[in-house]
Structures are given as structure tokens and as C-alpha cells.
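Read through the structure below, which is laid out as C-alpha cells, and then see the notes.
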Amino acid sequence: MSLSLSNVDERPITFAQEVVLAVDKLDAEQVAGPFAVRLEGRVLPMDGGYLVDGSMEAEGPLVCVRCLVPVPWKGKDRFSVELRHPLDAADEEMELGEGDLDVVFITDDQLDVERLAAEQVMLNLPMRILCQPECAGLCPQCGANKNQEGSCQCEPEVDPRWEALRGLDGLPS
Ligand SMILES: [Zn+2]
Ligand SMILES: [Zn+2]
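1632 is the number that the numbering used here gives to position 159 of the sequence shown; each next residue is one higher, with no gaps.
Written out as C-alpha cells, the structure reads:
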């Protein structure tokens, strides 16, 4: 899904679009299913490209880092992104890095809405998410979800080095 920018020089474009991002558009290790994303914003002409600013709202399932179950997540943020033609960027390299602007290089006068949505979601995902503060994680031996009562009968793991010392005199057993 993309938005033609060829008329932006005459007047700014505003847009409001909803996209659904499949897991493979995001990060399959962090994301458990499709994300619904709403993007709103406007596009203004600028030297060497375009300025896109607006807001995104996203909702979808993430993966608990300990037990791997899906955890619903919602986020929203504002963004400001420059779309530049690569040649212009090389010419003006020294001017980049001001403020919080992200720069995206474009080869045609199109705004790739899906790509913008995916980038904004990735920027806003938490580093790690837990299904509950006390998530017990998975059993290291059989992989069962320890949050479920009676999930497995595995004995707690014993460090084999400790086991070897246990028979020696004078050491606690
Ligand atoms: Zn968990
Ligand atoms: Zn187990």
C-alpha cells in the first residue's frame, strides 16, 4: 500500500490509513500474531524530499519472554520522518542527525504506508514483555509452562558438580 507524493509540491497531503501487518513484517521473535496499525499524518515538501509527520496507534500480541505465551499489547506515538532521494542525502550528509528525525531513502515519489507502519511499531515495542510480573517461565527440562499448576513433575535440577562433592566427609549434603 503506498501513497503517491507527486502532487505534494502543490499542496500538503493528509492521510489516515489502517493496515494489518503480518508477523513477517515485524519481528517474529517478539510478535505472536498480526498487528492492526492506524497511521495518520501529513506530508509536506522539503528540500530534497518530503517531511512526513503524524501519529500511529498499534495493537497486537507480543510474546512473553519467559513462557512464550501471547500477551496483548497496545501502543501509540507521534513520528516525524524525512523521505529523501539518495543523491540529496549524500550531498547533505553533514546536515543529518539534527533532532529526532528519522530518514528514509526513497527512489520514487511514493510513501510506503505499510513500511512506515512497521517501522513505527518496531520503534515502540518494549524490549521485553512478561505475561505477568511473576511469570514462572518454562521448565528447563521438559518445556512445560510452569505458570500452570501441575504442569510437570520434573525434579529441580541439581548442579552435577555439587552432586559429586556430596559424598565427601565434612561437606554439607
Ligand atoms: Zn509468561
Ligand atoms: Zn518439567
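Beta carbons: idealized from backbone N, C-alpha and C, even for Gly.
1. Assuming LEU1531 and GLY1548 make a contact with CB atoms under 8 Å, what is their CB distance in whole Å?
2. From LEU1512 to CYS1608, what distance separates their C-alpha atoms?
3. Quick check: the Cα distance between PRO1613 and CYS1625, rounded to an integer number of angstroms?
4. Ordered along the chain, which non-local residues of its own chain (more than five positions away) have a Cβ less than 6 Å from that of SER1528?
5. Just how far apart, CA to CA, sit ASN1480 and ALA1590?
6. Give the C-beta separation of GLY1475 and ASP1585 to the nearest angstrom, bearing in mind that I take them to be a contact with Cβ-Cβ under 8 Å.
7. What are the partner residues of GLU1491, as DSSP defines its beta bridges?
8. Please work out which residues of its chain come closer than 8 Å, Cβ to Cβ, to MET1600, disregarding the five sequence neighbours upstream and downstream, and give them in chain order.
9. Exposed or buried, which one is GLU1483 when buried takes at least 16 other CB atoms within 10 Å?
10. Tell me the DSSP secondary structure of VAL1536 in three-state form.
11. From the DSSP output, read off the bridge partner residues of SER1479.
12. Based on Cα-Cα distance, which residue from ILE1579, LEU1611 and GLN1490 lies nearest to ARG1515?
13. Roughly how many angstroms separate the alpha carbons of GLN1621 and PRO1534, rounded to a whole number?
14. Beta-carbon separation of VAL1504 and GLU1587 under 8 Å?
15. Using the Cα positions of VAL1554 and ASP1581, report the straight-line distance between them to the nearest angstrom.
16. On the DSSP bridge list, what partners appear for VAL1586?
17. What did DSSP end up calling MET1474 once you bin it into helix, strand or coil?
Let me spell this out:
1. The sequence shown places Ala at residue 1531, not Leu. With 8 Å as the limit, ALA1531 and GLY1548 qualify as a contact, their Cβ atoms being about 5 Å apart.
2. 33 Å
3. So the two alpha carbons sit approximately 11 Å from each other.
4. GLU1513 and ARG1551
5. 22 Å
6. A small fix is needed here, since residue 1475 is Ser in this sequence, not Gly. Their Cβ separation, rounded to whole angstroms, is 5 Å, which keeps SER1475 and ASP1585 in contact under 8 Å.
7. Looking at the DSSP assignment, GLU1491 forms a beta bridge with ARG1511.
8. There are no such residues.
9. exposed
10. strand
11. Within the DSSP secondary-structure output, SER1479 pairs in no beta bridge.
12. GLN1490
13. 20 Å
14. No, the pair does not count as a contact, with Cβ atoms beyond the cut-off.
15. 16 Å
16. Answer is none; VAL1586 lacks a bridge partner.
17. coil
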